[in-house]
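Protein chains in written order, with the numbering used here: chain A, 1 to 164; chain B, 165 to 792.
Each residue gets a CB set at the ideal place from its N, CA and C atoms; glycine is no exception.
Here is the structure we will look at, set down as structure tokens.
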């Protein structure tokens, strides 16, 4: 498996397999990491727009990770060559350079202790994946995610073929 | 810092709109242990604060908003909120319950409850963030629909992460059944609390929080969470709710013949298929929506894609939407029902208030008790969907005949000398089903402290409880027999206290209090609720003590009502249910029997320890609950 991350695997043809806006991913993430309730400390955040659009967003684990590159103290690093970018808390100074650099906003400063926080895949057993009632969050890598997108694309071709 | 090890935020916010003063007081341990939270807090505070006989719209009425105890923790389906005041519909205790994300956010913002007194001179909104609060001008929001209000507030604060509880034009214009709308998803519909908030010139309460809700014993809490997940996994009900939402109940109402259609003149719907839950799914469902941390997701996100109403995006419908806006006015075009539902949410109207009042007017019109001159020239007959949409507008702005419709069925019945056709209990319209087939259902609706309500108790226990379980819990195996009356008063009383716990904890009744197995009801609704409470708050609790907290709150509400002048006469179903048999469907021929009902009501009062003549809780009962 390539570099791992959490992916959002919706199926737009199936109402039960689209994010249902329950915020359980945020609740269970914060509970796992801090043993409290507080979605603003979650490392996966749900973004809701008009017309029923809800997408959970978290770290993409970029190859050439901007957060890691810009960090002035070396607090952000990759412990294994294809592992998750990780925060070394004793080195973090809370400067938020990483927050500025992240293309999707998946790293932030914890509202309680002010240090950088990001997804750590719960050490390999991500709780958001375990708890998601719509089953749309999965531990994945670029290859698997691309296959999912391909399937969605082909299914839409199939559907338009049936209609036409 | 809160005195609680977890669960509670530990503070109550007091706002006086007359002088603009704001105070923060600590939540006391004794109070929390006796009343738990949510409806327990709102009911007790109202009993202390609201004098008997006051006008619900006067500055002395008090609005109390309380989060459920477990709201804000990762307890699944625990995000429910209670908004309460003396009700302009009933004159008694009024509370509305709403899901969504607002209740947890109030906890993250540092408060368990808000007590709002007085009346503002100009429109204001209340802003709450991380332990602080302020009143801000809302002249620019006054008159706006609920969606526009939310958009303007998000623009003004530059923050799309705020949560908003607002009233629409209906609340501003004191439509007696105006509701409160929380974000896009939740509606605290019943009892006209939106009108009380409107009378106070309070447009919205906006919260933003980033404070922790602590968990006293995380390990034990996690175990409870896992236990709860296991109990959900085996339930057919969970899957049904996710697939169809509450509209799955349309099939049950049709097959049992208990719709309450055409202002309770019909029990089934002739052209049923278009308004079935299945059809709403097929035509409009985008996806299910879950409230905060919900593993069920019974809410619907619907879109109308074609036809004259194309472009409507809305959270809904619920079963109650279909009951109120389709069955009652006898309209079977589902797109019209969604349009009407959308308008009710935008104006901040309780759908049951709208559907019931319009249906009653339709019956009066067909009977010749209302003329076309009185109804703004509208042909107000059953099935006239244009008239329904026309009057939703008129009701919200109290224009023309809408001004009378805005008063609800009770007052309309009095003004038009047509009481008999007003199908309400204590002033609140009968929702959900026609109870003529099942007298325990009628009792549950009738004795409900907030007026007719299907969520105040659970009269269906006798459909599945086993004889030995009935014997153990209610002292007689007869409770397991559908036709028997013995023990049913006690069963209804028990179920009311048990359901009250959900409203105190902020737990959803569909997720926690629904099963076709009695041991599962006990396991989830009492045992696991207790476990979640204890592990989150660190406070000691037993099943028995928790049950007593439910009973205490029910007695507080009864006391409130008796002091406001609602006695035994308020605990009766409408006359139509005694006088007229159901005329169609499988329950054809059913009606309530007055003698039988009287006996059941006596039994219920006895089980409750209430005076049979007045309905007042006896001094012994109050003492035993620590309410002297």
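Discussion item. According to DSSP, is residue 658 of chain B part of a helix, a strand, or is it coil?
Written reply: helix
Worksheet entry | C-alpha distance - residue 678 of chain B paired with residue 140 of chain A, whole-angstrom precision | 36 Å
Item to complete: Indicate the three-state DSSP secondary structure (helix, strand or coil) for residue 494 of chain B in the structure shown.
Response: coil
Fill in: chain A residues whose Cβ lies nearer than 9 Å to that of residue 323 of chain B
Ordered by position in chain A, no residue passes the 9 Å Cβ test against residue 323 of chain B, which lies about 12 Å from the chain.
Fill in: residue 370 of chain B versus residue 34 of chain A - alpha carbon distance
26 Å
Worksheet entry | Interface positions of the stretch 35–53 of chain A facing chain B (Cβ-Cβ less than 8 Å), listed along the chain | 35, 36, 37, 38, 39, 40, 41, 50, 51 and 52
Discussion item. Quick check on the burial criterion: 16 or more other C-beta atoms within 10 angstroms. Buried or exposed for residue 227 of chain B?
Written reply: buried
Worksheet item: With a CB to CB cut of under 6 Å and the five nearest residues on each side skipped, what residues in its chain are close to residue 47 of chain A?
Response: 55 and 57
Worksheet item: Cα-Cα, which of B:616, B:560, B:417 and B:231 is closest to residue 331 of chain B?
Response: B:560
Fill in: Interfacial residues, the stretch 73–95 of chain A to chain B, with Cβ spacing under 9 Å
none
Practice prompt. Please report the residue range of the alpha helix (DSSP H) in which residue 155 of chain B lies.
Written response: With chain B running from 165 to 792 in the structure shown, residue 155 of chain B is simply not present.
Discussion item. Output needed for residue 644 of chain B: all residues of its chain with C-beta closer than 7 Å, excluding positions within five of it in sequence on either side, in chain order.
Written reply: 626, 629, 630, 631 and 634
Discussion item. Pairs of beta-carbons, one from the stretch 479–493 of chain B and one from the stretch 417–433 of chain B, closer than 8 Å: are there three or more?
Written reply: yes
Fill in: 8 Å Cβ cutoff met for residue 273 of chain B and residue 344 of chain B
no
Worksheet item: Thinking C-alpha only, which one of B:256, B:317 and B:313 is nearest residue 615 of chain B?
Response: B:256
Worksheet item: With DSSP run on the structure shown, which of helix, strand or coil describes residue 450 of chain B?
Response: strand
Worksheet entry | Short CB-CB distance (under 8 Å) between residue 377 of chain B and chain A | yes
Worksheet item: Is the beta carbon of residue 621 of chain B less than 8 Å from the beta carbon of residue 170 of chain B?
Response: no
Discussion item. On the CB-based measure, 16 or more other CB atoms within 10 Å of its CB, does residue 394 of chain B come out buried or exposed?
Written reply: exposed
Worksheet item: Does the pairing of the stretch 659–668 of chain B with the stretch 703–723 of chain B give three or more beta-carbon distances under 8 Å?
Response: yes
Item to complete: Output the residue ranges of the alpha helix (DSSP H) runs that lie fully inside the stretch 242–278 of chain B and measure 4 residues or longer, sorted by chain position.
Response: 266–272
Fill in: Among A:3, A:20 and A:24, nearest to residue 239 of chain B - alpha-carbon criterion
A:24
Worksheet entry | residue 591 of chain B (DSSP reduced to helix, strand or coil) | coil
Worksheet item: Short check: CB of residue 311 of chain B to CB of residue 482 of chain B, under 8 Å?
Response: no
Fill in: Beta-carbon proximity of residue 144 of chain A to residue 59 of chain A, cut-off 8 Å
no
Item to complete: Quick one: which residues of the stretch 111–122 of chain A get their C-beta closer than 9 Å to a C-beta of chain B? List them in chain order.
Response: 111 and 112
Worksheet item: Using the beta-carbon count (16 or more within 10 Å), is residue 216 of chain B buried or exposed?
Response: exposed
Discussion item. By the 7 Å beta-carbon criterion, what residues does the stretch 54–68 of chain A contribute toward chain B?
Written reply: none
Item to complete: Note down, in chain order, every chain A residue with its Cβ under 9 Å from the Cβ of residue 449 of chain B.
Response: 15
Worksheet item: What is the residue span of the alpha helix (DSSP H) that residue 178 of chain B lies within?
Response: Segment 175–180 is the beta strand (DSSP E) holding residue 178 of chain B; no alpha helix (DSSP H) there.
Worksheet item: Mind listing which residues of the stretch 210–239 of chain B have their C-beta closer than 8 Å to chain A's C-betas, in chain order?
Response: 236, 237 and 238
Fill in: residue 533 of chain B in three-state terms, based on DSSP
coil
Fill in: Contact set for residue 82 of chain A: own chain, Cβ-Cβ below 7 Å, skip 5 residues either direction
2 and 3
Item to complete: Starting from residue 103 of chain A, follow its DSSP beta bridges and name the residues at the other end.
Response: According to DSSP, which records beta bridges pairwise, residue 103 of chain A is partnered with nothing at all.
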